[in-house]
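Before any comments, here is the structure.
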Amino acid sequence: MKIICIGRNYIDHAKELSNPVPGKPLVFMKPPSALLINGKPFYYPGFTKDLHYELEVVLKICKNGRHVQPEFASGYYQEVSLGIDFTARDVQAELKKKGHPWEIAKGFDHSAVLGTWVGLRDVQKDGNIEFELKKNGERVQHGNTRDLIFSFDYLIVYISRYFKLQMGDLIYTGTPAGVGPVKIGDLLEGVIYKNDGSTEQLLSCRVK
Ligand code: MG
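Residue numbers for the sequence shown follow my numbering, so the first one is 463 and each next one is one higher.
Here it is, written out as structure tokens:
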């Protein structure tokens, strides 16, 4: 199982961190040991003083494929969830400055929090998904996938040129604006809007 992540996939988020808007998807990976599931707590790591949340829509790859053609891309995912791409922002800033890879800032243990799955057809409205992150009960991020720079299908096509997609792989599709720090004791909750007008909390993570 691979955890494939996309950076800077919402213009507003790229701008808030003063990054250029990319012309191609920015792809990085987290190892399987980064996964944190079943509502387990996240323990604040000792190597950072500036841990940030990034709430993202996550795709679950449902069949194997390489060099996927655009007309078939939507057949590679049927379920989505919400995930947090935890980022040690201070460590990442150091690495970025040197032009080094990001792994230790992004792929450390339990840095990929994952919620429960919902069917795409239950949450897509006009082809888009609306979602939000609450920190200690207050909304801190609110996104809609209509603002994605690179659509889900485009990502499937692009990623599968380089990496074979395999059943069970996860794609973290990027975070909207509003990323920020967490501290010990914070409760993070990811909520998705369903197309029947209700909302569903898919993710809950306590920082310890
Ligand atoms: Mg991210």
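The beta-carbon is built from N, C-alpha and C at its ideal position, and this holds for glycine as well. A quick note: this is a predicted structure, and the numbers were derived from the prediction, not measured.
**OP:** Using the Cα positions of residue 658 and residue 584, report the straight-line distance between them to the nearest angstrom.
**Re:** Sequence index remark: in the sequence shown, residue 658 carries index 196 (1-based). Sequence index remark: in the sequence shown, residue 584 carries index 122 (1-based). The straight-line gap from Cα to Cα measures roughly 8 Å.
**OP:** Would you list, in sequence order, the uninterrupted alpha helix (DSSP H) runs of no fewer than 4 residues that lie entirely inside the stretch 560-621?
**Re:** 565-568 and 582-585
Original post:
What residues are listed by DSSP as bridge partners for residue 643?
Top reply: Along the sequence shown, read from residue 1 onward, the residue named residue 643 stands at position 181. BP columns for residue 643 point to 514.
Original post:
In the structure shown, what three-state DSSP assignment does residue 656 receive?
Top reply: By 1-based counting over the sequence shown, the position of residue 656 is 194. In this structure, residue 656 counts as coil in the three-state DSSP scheme.
Original post:
chain C beta carbons: is any one of them nearer than 9 Å to that of residue 493?
Top reply: Absent here is chain C; the protein component of the structure consists of one chain.
**OP:** Determine the direct distance from the alpha carbon of residue 561 to that of residue 491, and round the result to whole angstroms.
**Re:** As a working mapping, residue 491 is identified with position 29 in the sequence shown. As a working mapping, residue 561 is identified with position 99 in the sequence shown. About 17 Å.
**OP:** Kindly provide the ranges of any alpha helix (DSSP H) runs that are 4 or more residues long and lie completely inside the stretch 471-542, ordered along the chain.
**Re:** 473-478
Original post:
residue 663 by DSSP, collapsed to three states: which one?
Top reply: Along the sequence shown, read from residue 1 onward, the residue named residue 663 stands at position 201. Here residue 663 sits in strand by DSSP.
Original post:
Would you call the CB atoms of residue 617 and residue 521 closer than 9 Å?
Top reply: Counting from one through the sequence shown, the residue named residue 617 turns up at place 155. Counting from one through the sequence shown, the residue named residue 521 turns up at place 59. Their beta carbons are under 9 Å apart, which means residue 617 touches residue 521 by this criterion.
Original post:
How many angstroms separate the CA atom of residue 499 from the CA atom of residue 549?
Top reply: Along the sequence shown, one-based indexing puts residue 499 at 37. Along the sequence shown, one-based indexing puts residue 549 at 87. Looking at the two C-alpha atoms, the distance is approximately 17 Å.
**OP:** Run the proximity test for residue 607: is its beta-carbon closer than 8 Å to any non-hydrogen atom belonging to the ligand MG?
**Re:** Against the sequence shown, residue 607 aligns to sequence position 145. Checking the Cβ of residue 607 against the ligand MG gives no.
Subject >> Cα-Cα separation, residue 626 to residue 527 >> reply: Counted from its first residue, the sequence shown places residue 626 at position 164. Counted from its first residue, the sequence shown places residue 527 at position 65. Distance between the alpha carbons of residue 626 and residue 527: 6 Å.
Original post:
Just the residues with CB closer than 5 Å to a heavy atom of the ligand MG, in chain order, which are they?
Top reply: 516, 547 and 637
**OP:** Leaving aside the five residues before and after residue 607 along the sequence, list all residues of the same chain whose C-beta is less than 7 Å from its C-beta, in chain order.
**Re:** Within the sequence shown, the letter at position 145 stands for residue 607. Correct list, in chain order: 519, 590 and 591.
Subject >> Cβ contact check for the stretch 473-492 and the stretch 644-654: 3 or more pairs under 8 Å >> reply: no
**OP:** Please confirm whether residue 467 and residue 620 have their CB atoms less than 9 Å apart.
**Re:** Within the sequence shown, numbered from 1, the residue matching residue 467 stands at position 5. Within the sequence shown, numbered from 1, the residue matching residue 620 stands at position 158. In this structure, residue 620 does not lie closer than 9 Å to residue 467 by Cβ.
Original post:
Where does residue 487 land, buried or exposed, given buried means 16+ other C-beta within 10 angstroms?
Top reply: Along the sequence shown, read from residue 1 onward, the residue named residue 487 stands at position 25. It counts as buried.
Original post:
Are residue 501 and residue 665 touching if we call contact CB-CB under 9 Å?
Top reply: Here residue 501 corresponds to residue number 39 of the sequence shown, with the count starting at 1. Here residue 665 corresponds to residue number 203 of the sequence shown, with the count starting at 1. Yes.
**OP:** With DSSP collapsed to three states, give me the class of residue 631.
**Re:** Residue mapping note: residue 631 aligns to position 169 of the sequence shown, counting from 1. If DSSP states are grouped into helix, strand and coil, residue 631 belongs with coil.
Original post:
In whole angstroms, what separates the C-alpha of residue 602 from that of residue 542?
Top reply: Locating residue 602 in the sequence shown gives position 140, counting from the first residue. Locating residue 542 in the sequence shown gives position 80, counting from the first residue. Whole-angstrom Cα-Cα distance: 21 Å.
Original post:
With 16 other CB atoms within 10 Å as the buried threshold, where does residue 533 fall?
Top reply: Taking the sequence shown and counting its residues from 1, one reaches residue 533 at position 71. The residue in question, residue 533, is exposed, as its Cβ has fewer than 16 Cβ neighbours within 10 Å.
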